[in-house]
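Asks: Residue numbers (our numbering), protein chains in the order written: chain A, 1 to 390; chain B, 1001 to 1390.
Note that the Cβ used here is the ideal one computed from N, Cα and C, for glycine as well.
Note that this is a predicted model, so its numbers are computed, not measured.
Below you will find the structure I want to go over with you.
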């Protein structure tokens, strides 16, 4: 069996983790041969001969079979990945933002260049969800997918729920521990799990949906009142990516949800991720694992590399079977809405309001609202509201 | 793509489920062409032309590509499966007892005949654990596997724990609802999960171990005292199949365990199954799904059929890599032992006893005991003891 030679872009925690794992595990025929990094002056733990600062050194090296892309910048990543695919190199990436924003082009490129592009590490870290959706549920009638796909927000929500911390305090703690970035916007405003959801959509229902078409609402406005409401009702608040199919239309969004104690997501704590599939015949299926961190992510990357050794590529069977399933935001969901502005409530034009509450400190309604309306009113950019599905 | 023609053995609930699922799902190129059943006088829901009562009608029919074996009798199943493999037919089976008892022969047969033999439905129903172990963790340094692999006992244990039923009452309820058989021995005495564990052992650590070499202890002696002890300590009792690797020796057994509320198994209720993997790099991974029932099992069988369409077969990479790892019962585990006979306690020769309790109604010790000793003293056949791991 041939030994794969890897050209690695980026040598942060995941890249380091990958290098370590590759050198500790036996039986995987692959080695890191070249590493392209940005900063010349950073001290490196490996011999200088491994490193280059020019991406062409990897892209034009015909002795390298695989490009593993582990850099932060999504635009640079797209350049590298598309160039590598065009040159006939297999590619492994963990860059959800890049994949989500260029998914259809990257799909087309794979078909044209006839080279594999694998990205298990881009969604839910160590949980093998993409491969399972591709390989195991291709014949099953999948109805729905729900996922806790963002470890940062799940860590924060665990702290607000279990230790009664305020959102601000929990975020600060997450930042101190390295679970949240100094600019946490992509995580707390639920862009990161939205990117992941759009990737999952292709492997769940076979459709490509642009991230800007999917509604996301984060936890950045979570108040003590919201937490108290959840606690009193026996709920935990979890940030759930959701997609489901009804009458051959697909809905998808990322919105916090009040989760009951009998639901499996209730006990998914801290930086763990989890995915639940609803399938007509196999009933509910649940996967849980570490969503972030250098080793869990590196382990998913490694698993893709190992699959490349065996000639694996995604078949996108569902894209070929269902690729024309319509995606629609014209769907109603039941939500708790804490609000200040009565005009907003009128504009949201609830189909039905089943509960109204007002006190000196806050007010909320519970009712059914249209997802497209939430997008139109840019709800995620307001600071005076919090919504959660029921 | 070629349409697979299936010869089906057995047409009970799973066979029916498979037929239904195959006819409802699109995009899987396979059809049930012939069904071999035992009882001529049973009324059938399908046209009589489908049925035969002679296994040779399927085994000798060259137009059939795949044999799906779904009968109860393990000896007859082995005859059918081995004959089919020798004739070059691909085989799908859900028969854990048969596979467990003949695993090494069946492995050799696959290699000789060079035909695939798939059996995802034999372990944990709809959870794709074998395929995941084969495909996804081949490169990962797996340390351990724990599983709730038997829906019947998990149902009974859920009732004894949550509704405070006695074991006898819970068993009766499970039998009335069809979750337990009229002779429940294989389930309650933990033979069924042991068969499954031996199958998992080949895909986890690459070794074949005979079921008679693995210690199993069931829930048949569970008393109100044991349940009360668990409740007072905040534990739930779960029947866990376990294997782990220490210093390149593999241990494996099926024994009830006191599970704490922070463990993921704590909330695995009723007929659900779950598997937790411990891996050096991806940390803990958890899979949950329905372990039994016609559709979950049929869905796993279907998934194997679908994989056959794409030419899939188990590679048994770990057997080829680690096939010589020694299996050993010379290992110590910490247990709660409720007992009556002081001589038994002496014979068990605990390495260390950390707690002793005696009352008018029962007595127990907590301490470390050797697994081989539990086998030698035939603990599972005694009626006066209960053990659970801590």
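Does any C-beta atom of chain B lie closer than 8 Å to the C-beta of residue 5 (chain A)?
Replies: What you label residue 5 (chain A) is simply residue 5 of the first chain in a count that begins at 1. Chain B, which has no Cβ nearer than 8 Å to the Cβ of residue 5 (chain A), makes this no.
Asks: Could you please give the first and the last residue of the uninterrupted beta strand (DSSP E) stretch that includes residue 1283 (chain B)?
Replies: The residue you call residue 1283 (chain B) lines up with position 283 of the second chain. Its beta strand (DSSP E) spans residues 1283-1290.
Asks: Measure the C-alpha to C-alpha separation of residue 250 (chain A) and residue 1331 (chain B) and round it to an integer number of angstroms.
Replies: As a first step, residue 250 (chain A) must be located in the first chain, where it is residue number 250. As a first step, residue 1331 (chain B) must be located in the second chain, where it is residue number 331. Going from the Cα of residue 250 (chain A) to the Cα of residue 1331 (chain B) covers about 53 Å.
Asks: Could you tell me which uninterrupted alpha helix (DSSP H) segments, each at least 4 residues in length, are contained entirely in the stretch 1050-1091 of chain B, listed from first to last along the chain?
Replies: Those alpha helix (DSSP H) runs which fall completely within the stretch 1050-1091 of chain B and span 4+ residues are 1056-1059 and 1074-1086.
Asks: Rounded to whole angstroms, how far is the Cβ of residue 18 (chain A) from the Cβ of residue 202 (chain A), which I believe are closer than 8 Å?
Replies: Indexing the first chain from 1 puts residue 18 (chain A) at position 18. Indexing the first chain from 1 puts residue 202 (chain A) at position 202. Actually they are not in contact, since the Cβ atoms of residue 18 (chain A) and residue 202 (chain A) sit about 25 Å apart, beyond 8 Å.
Asks: Considering only C-alpha positions, which residue in the set A:48, A:228, A:345 and A:336 is nearest to residue 390 (chain A)?
Replies: As a working mapping, residue 390 (chain A) is identified with position 390 in the first chain. For the residues A:48, A:228, A:345 and A:336, the minimum Cα distance to residue 390 (chain A) belongs to A:336.
Asks: Count Cβ pairs between the stretch 258-272 of chain A and the stretch 205-215 of chain A that sit closer than 8 Å; are there 3 or more?
Replies: Too few Cβ pairs lie closer than 8 Å, so no.
Asks: Strictly under 8 Å for the Cβ-Cβ distance: is residue 1135 (chain B) near chain A by that measure?
Replies: In the second chain, residue 1135 (chain B) corresponds to position 135, counting from 1. It does: the Cβ of residue 1135 (chain B) has a partner Cβ on chain A nearer than 8 Å.
Asks: Using a Cβ cut-off of 7 Å, which residues of the stretch 1288-1299 of chain B contact any Cβ in chain A, in chain order?
Replies: The stretch 1288-1299 of chain B vs chain A, Cβ under 7 Å: 1288, 1289, 1290, 1295, 1296, 1298 and 1299.
Asks: Candidates B:1270, B:1346, B:1359 and B:1048: which alpha carbon is nearest residue 1369 (chain B)'s?
Replies: Mapped onto the second chain, residue 1369 (chain B) falls at position 369. Out of B:1270, B:1346, B:1359 and B:1048, B:1346 has the C-alpha closest to the C-alpha of residue 1369 (chain B).
Asks: Tell me residue 1364 (chain B)'s beta-bridge partners as DSSP assigns them.
Replies: Counting from one through the second chain, the residue named residue 1364 (chain B) turns up at place 364. BP columns for residue 1364 (chain B) point to B:1338 and B:1357.
Asks: Of the residues that make up the stretch 1321-1349 of chain B, which ones have a beta carbon closer than 8 Å to any beta carbon in chain A?
Replies: Result list: 1321.
Asks: According to DSSP, which residues form a beta bridge with residue 124 (chain A)?
Replies: Sequence index remark: in the first chain, residue 124 (chain A) carries index 124 (1-based). According to DSSP, which records beta bridges pairwise, residue 124 (chain A) is partnered with nothing at all.
Asks: Along the chain, where does the alpha helix (DSSP H) that runs through residue 1232 (chain B) open and close?
Replies: Locating residue 1232 (chain B) in the second chain gives position 232, where the first residue counts as 1. Here the alpha helix (DSSP H) through residue 1232 (chain B) covers 1224-1233.
Asks: Out of B:1178, B:1257, B:1174 and B:1155, point me to the one whose CA is closest to residue 1271 (chain B)'s CA.
Replies: Taking the second chain and counting its residues from 1, one reaches residue 1271 (chain B) at position 271. Taking only the C-alpha atoms, the option nearest residue 1271 (chain B) is B:1155.
Asks: What is the residue span of the alpha helix (DSSP H) that residue 373 (chain A) lies within?
Replies: Taking the first chain and counting its residues from 1, the one referred to as residue 373 (chain A) is at position 373. 371-376 is the span of the alpha helix (DSSP H), which, as asked, contains residue 373 (chain A).
Asks: Can you check whether the C-beta of residue 282 (chain A) is within less than 8 Å of a C-beta belonging to chain B?
Replies: Here residue 282 (chain A) refers to the residue found at position 282 when the first chain is read from its first residue. Taking Cβ atoms only, chain B reaches closer than 8 Å to residue 282 (chain A), which makes this a yes.
Asks: Taking the C-alpha atoms as reference points, what is the distance between residue 1114 (chain B) and residue 1088 (chain B)?
Replies: Locating residue 1114 (chain B) in the second chain gives position 114, counting from the first residue. Locating residue 1088 (chain B) in the second chain gives position 88, counting from the first residue. Approximately 8 Å, taken between the alpha carbons.
Asks: Using the DSSP secondary-structure output, state which residues sit across from residue 256 (chain A) in a beta bridge.
Replies: Counted from its first residue, the first chain places residue 256 (chain A) at position 256. The partner list for residue 256 (chain A) (beta bridge, DSSP) reads A:239.
Asks: Strictly below 8 Å CB to CB, what residues from chain B border residue 95 (chain A)?
Replies: Here residue 95 (chain A) refers to the residue found at position 95 when the first chain is read from its first residue. By Cβ distance, chain B contributes nothing, its closest Cβ being about 19 Å from residue 95 (chain A), past 8 Å.
Asks: Can you tell me whether residue 193 (chain A) is buried or exposed? The criterion is at least 16 other CB atoms within 10 Å of its CB, across all chains shown.
Replies: Taking the first chain and counting its residues from 1, one reaches residue 193 (chain A) at position 193. It counts as buried.
Asks: Kindly indicate which three-state DSSP category residue 314 (chain A) falls into: helix, strand or coil?
Replies: Locating residue 314 (chain A) in the first chain gives position 314, where the first residue counts as 1. Three-state result, residue 314 (chain A): coil.
Asks: Cα separation between residue 1187 (chain B) and residue 1145 (chain B)?
Replies: Working through the second chain from its first residue, we reach residue 1187 (chain B) at position 187. Working through the second chain from its first residue, we reach residue 1145 (chain B) at position 145. Distance between the alpha carbons of residue 1187 (chain B) and residue 1145 (chain B) is about 20 Å.
Asks: CB residue 6 (chain A) to CB residue 199 (chain A), shorter than 8 Å?
Replies: Stepping through the first chain from its first residue, residue 6 (chain A) is reached at position 6. Stepping through the first chain from its first residue, residue 199 (chain A) is reached at position 199. No, these two residues do not count as a Cβ contact at 8 Å.
Asks: On the CB-based measure, 16 or more other CB atoms within 10 Å of its CB, does residue 349 (chain A) come out buried or exposed?
Replies: Counted from its first residue, the first chain places residue 349 (chain A) at position 349. It is exposed - the Cβ of residue 349 (chain A) has fewer than 16 other Cβ atoms within 10 Å.
Asks: Mind pulling the chain B residues with CB within less than 9 Å of residue 231 (chain A)?
Replies: As a working mapping, residue 231 (chain A) is identified with position 231 in the first chain. Here the premise fails: no neighbours, minimum Cβ distance about 18 Å.
Asks: I'd like the span of the alpha helix (DSSP H) that includes residue 205 (chain A), first residue to last.
Replies: Taking the first chain and counting its residues from 1, one reaches residue 205 (chain A) at position 205. Residue 205 (chain A) -> no alpha helix (DSSP H), and no H or E assigned at all.
Asks: Could you spell out the range, first to last residue, of the beta strand (DSSP E) harbouring residue 31 (chain A)?
Replies: Counted from its first residue, the first chain places residue 31 (chain A) at position 31. Counting along the chain, the beta strand (DSSP E) containing residue 31 (chain A) begins and ends at 30-36.
Asks: Can you pull the chain B residues whose beta carbon is under 7 Å from the beta carbon of residue 151 (chain A), in chain order?
Replies: Numbered from its first residue, the first chain carries residue 151 (chain A) at position 151. Correct list: empty, because the minimum Cβ distance to chain B is about 12 Å.
Asks: Quick check: residue 430 (chain A) and residue 223 (chain A), are their CB atoms within less than 8 Å of each other?
Replies: Nothing about residue 430 (chain A) can be read from this structure; chain A reaches only from 1 to 390.
Asks: Contact check, residue 1099 (chain B) vs residue 1289 (chain B) under 8 Å by CB: the rounded distance?
Replies: Your numbering for residue 1099 (chain B) matches position 99 in the second chain. Your numbering for residue 1289 (chain B) matches position 289 in the second chain. About 20 Å; that fails the 8 Å criterion.
Asks: Using 8 Å for Cβ pairs, my map puts residue 1269 (chain B) next to residue 1158 (chain B). What's the rounded Cβ distance?
Replies: What you label residue 1269 (chain B) is simply residue 269 of the second chain in a count that begins at 1. What you label residue 1158 (chain B) is simply residue 158 of the second chain in a count that begins at 1. Yes, residue 1269 (chain B) and residue 1158 (chain B) are in contact; Cβ-Cβ is about 5 Å, under 8 Å.
Asks: In the DSSP assignment, what are the bridge partners of residue 1295 (chain B)?
Replies: In the second chain, counting from the first residue as 1, residue 1295 (chain B) sits at position 295. Residue 1295 (chain B) pairs with nothing; no bridge assigned.
Asks: Report yes or no: do three or more beta-carbon pairs, one from the stretch 1056-1075 of chain B and one from the stretch 1027-1037 of chain B, lie closer than 8 Å?
Replies: Yes, since at least three Cβ pairs between the stretch 1056-1075 of chain B and the stretch 1027-1037 of chain B fall closer than 8 Å, the two stretches touch.
Asks: Any idea if residue 151 (chain A) is buried or exposed, counting beta-carbon neighbours within 10 angstroms, 16 or more meaning buried?
Replies: Residue numbering aside, residue 151 (chain A) sits at position 151 when the first chain is read from its first letter. That one is buried.
Asks: If you compare alpha carbons, which of A:161, A:291 and A:240 is closest to residue 232 (chain A)?
Replies: Within the first chain, residue 232 (chain A) is the residue found at index 232, counting from 1. Comparing Cα-Cα distances from residue 232 (chain A) to each of A:161, A:291 and A:240, the minimum goes to A:161.
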